[in-house]
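**Student:** Please read through the structure below; I'll follow up with questions.
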Amino acid sequence: MKKNIIVHHQGQAMLADALRQVAQPSRRQFLQRSLSLGGLSLLTGCNIGDQASVEAALAVVSRFNDRAQGWLFDPSRLAPTYPDSMITRPFPFNAYYGLDEVEQVDGDAWRLELSGLVADKKPWSLPQLRALPQQTQVTRHICVEGWSAIGKWGGVPFAHFLDLVGADKTAKYIGFKCADDYFTSIDMATARHPQTIMALSWDGQPLPPEYGYPMKLRMPTKLGYKNPKHVQAIFVTNTYPGGYWEDQGYNWFGGS
Ligand SMILES: Nc1nc2c(c(=O)[nH]1)N[C@H]1C(S)=C(S)[C@@H](COP(=O)(O)O)O[C@H]1N2
Ligand SMILES: [Mo]
0 MKKNIIVHHQ GQAMLADALR QVAQPSRRQF LQRSLSLGGL SLLTGCNIGD
50 QASVEAALAV VSRFNDRAQG WLFDPSRLAP TYPDSMITRP FPFNAYYGLD
100 EVEQVDGDAW RLELSGLVAD KKPWSLPQLR ALPQQTQVTR HICVEGWSAI
150 GKWGGVPFAH FLDLVGADKT AKYIGFKCAD DYFTSIDMAT ARHPQTIMAL
200 SWDGQPLPPE YGYPMKLRMP TKLGYKNPKH VQAIFVTNTY PGGYWEDQGY
250 NWFGGS
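Going by numbering that gives the first Met the number 0, the first residue of the sequence shown is number 0, and it counts up by one from there.
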């Protein structure tokens, strides 16, 4: 029998932390076996002398991994789509807090802020975003906790929006700041993927508060934690912005 093991986000971050501490001496042996410390120093630019510098070197290796995934990622490959009959009802809610603490954003007062390597930084209102071309998708949302659900999102193709505001296409990262203090960031290829949308609707209705009203970034090629809800600000940058879960040890690329 297939058993689903659900490990909640906080648990996973704690596990990652515990593993980092427990695995220290053996991991160091592993590093010594697979690559001389001198070699690792050369590769990462970190001077491998103590535990802290091993940590720093591993962080660099992990970032190197993110870059490798970026190279492997084929921006033209589409995530599977599904018929409306397969939509998961009720659709699950998830956040780093409970349903009773969902952010209640005032859609009339809300303005999407833009900063960084963007030509036109004027803020956007909800009616302005609704007036742009919209695209609908029925795709699978996959949470790293071990569950998935099929949903129907509609909104503005993000590549179209980035072109409209004159975002620097050669920049490495797009960062997102959310009304609930959540934050994450993605690579430019994912931002420009044809299925990456600024979702304004769920199942033909305005995005409900629990699913990220007034706007969430929907990317079926990325895990749930890379899909920010209640997006408040978007910035384009070449400086690594990290993320809420990413800074606690989750893989930054987090997708295909
Ligand atoms: N602003 C914000 N966005 C977020 C989160 C969050 O806590 N805050 N959680 C992420 C995680 S881990 C998941 S699985 C999905 C859940 O989205 P849903 O409530 O639409 O299922 O939102 C993602 N985006
Ligand atoms: Mo998640």
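Virtual Cβ for every residue (Gly too), placed ideally from N, Cα, C.
Determine, using beta carbons only, whether V117 and V235 come nearer to each other than 7 Å.
**Tutor:** Position 118 of the sequence shown, counted from the start, is the residue given in the question as residue 117. Position 236 of the sequence shown, counted from the start, is the residue given in the question as residue 235. Yes.
**Student:** Give every residue of the same chain whose Cβ lies closer than 7 Å to the Cβ of M197, excluding the five residues on either side of it in the sequence, and list them in chain order.
**Tutor:** By 1-based counting over the sequence shown, the position of residue 197 is 198. Cβ neighbours of M197 beyond the five flanking positions: L128, G154, V155, F157, F160, M214, L216.
**Student:** Compute the minimum distance between the beta carbon of K168 and the heavy atoms of ligand 1, and state whether it is under 6 Å.
**Tutor:** For this step, residue 168 is matched to residue 169 along the sequence shown. Outside the cutoff, so no.
**Student:** For the structure I just gave you, are there three or more beta carbon pairs, one from the segment 237 to 246 and one from the segment 169 to 176, closer than 8 Å?
**Tutor:** As far as the Cβ criterion goes, the segment 237 to 246 touches the segment 169 to 176, which means the pair count is three or higher.
**Student:** Taking 6 Å as the cut-off, is the CB of Y224 close to at least one heavy atom of ligand 1?
**Tutor:** The residue you call residue 224 lines up with position 225 of the sequence shown. Yes, since a heavy atom of ligand 1 falls inside the 6 Å radius drawn around the Cβ of Y224.
**Student:** Per DSSP, which residues does V117 bridge with? Please list them.
**Tutor:** Position 118 of the sequence shown, counted from the start, is the residue given in the question as residue 117. Beta-bridge pairing links V117 to A166.
**Student:** Run through the segment 185 to 236 for me and flag every whole alpha helix (DSSP H) of 4 or more residues, listed as ranges in chain order.
**Tutor:** Runs found: 187 to 190.
**Student:** Excluding the 5 residues preceding and the 5 following G211 in the sequence, name in chain order all residues of the same chain whose CB lies nearer than 6 Å to its CB.
**Tutor:** Here residue 211 corresponds to residue number 212 of the sequence shown, with the count starting at 1. So the list reads K228, H229, once near-sequence residues are dropped.
**Student:** Closer than 6 Å to a non-hydrogen atom of ligand 1 - does that hold for the CB of Y81?
**Tutor:** The residue you call residue 81 lines up with position 82 of the sequence shown. No, Cβ of Y81 sits at least 6 Å from all heavy atoms of ligand 1.
**Student:** By the 10 Å Cβ neighbour count, where 16 or more other Cβ atoms means buried, how is N64 classified, buried or exposed?
**Tutor:** Your numbering for residue 64 matches position 65 in the sequence shown. Looking at its Cβ environment, which holds fewer than 16 other Cβ atoms inside 10 Å, N64 is exposed.
**Student:** With H, G and I counted as helix, E and B as strand and the rest as coil, what does DSSP make of S255?
**Tutor:** Locating residue 255 in the sequence shown gives position 256, where the first residue counts as 1. It is coil, neither helix nor strand.
**Student:** For R259 and A178, what's the separation of their Cα atoms in angstroms?
**Tutor:** The first residue shown for the chain is 0 and the last is 255, placing residue 259 beyond what the model contains.
**Student:** Tell me which residue opens and which closes the alpha helix (DSSP H) that Q127 is part of.
**Tutor:** Position 128 of the sequence shown, counted from the start, is the residue given in the question as residue 127. Here the alpha helix (DSSP H) through Q127 covers 125 to 129.
**Student:** Taking Cβ positions, are E281 and A232 nearer each other than 7 Å?
**Tutor:** Residue 281 lies beyond the range of the chain shown here (0 to 255); nothing can be said about it.
**Student:** Answer yes or no: the CB of H229 versus the heavy atoms of ligand 1, is any distance below 6 Å?
**Tutor:** Locating residue 229 in the sequence shown gives position 230, counting from the first residue. Yes, Cβ of H229 sits closer than 6 Å to a heavy atom of ligand 1.
**Student:** What do you reckon, is the C-beta of A78 under 6 Å from a heavy atom of ligand 1?
**Tutor:** In the sequence shown, residue 78 corresponds to position 79, counting from 1. No, Cβ of A78 sits at least 6 Å from all heavy atoms of ligand 1.
**Student:** Measure the alpha-carbon distance for E209 versus T183 and round it to whole angstroms.
**Tutor:** On the sequence shown, position 210 is the one that residue 209 refers to. On the sequence shown, position 184 is the one that residue 183 refers to. Roughly 18 Å between the two C-alpha positions.
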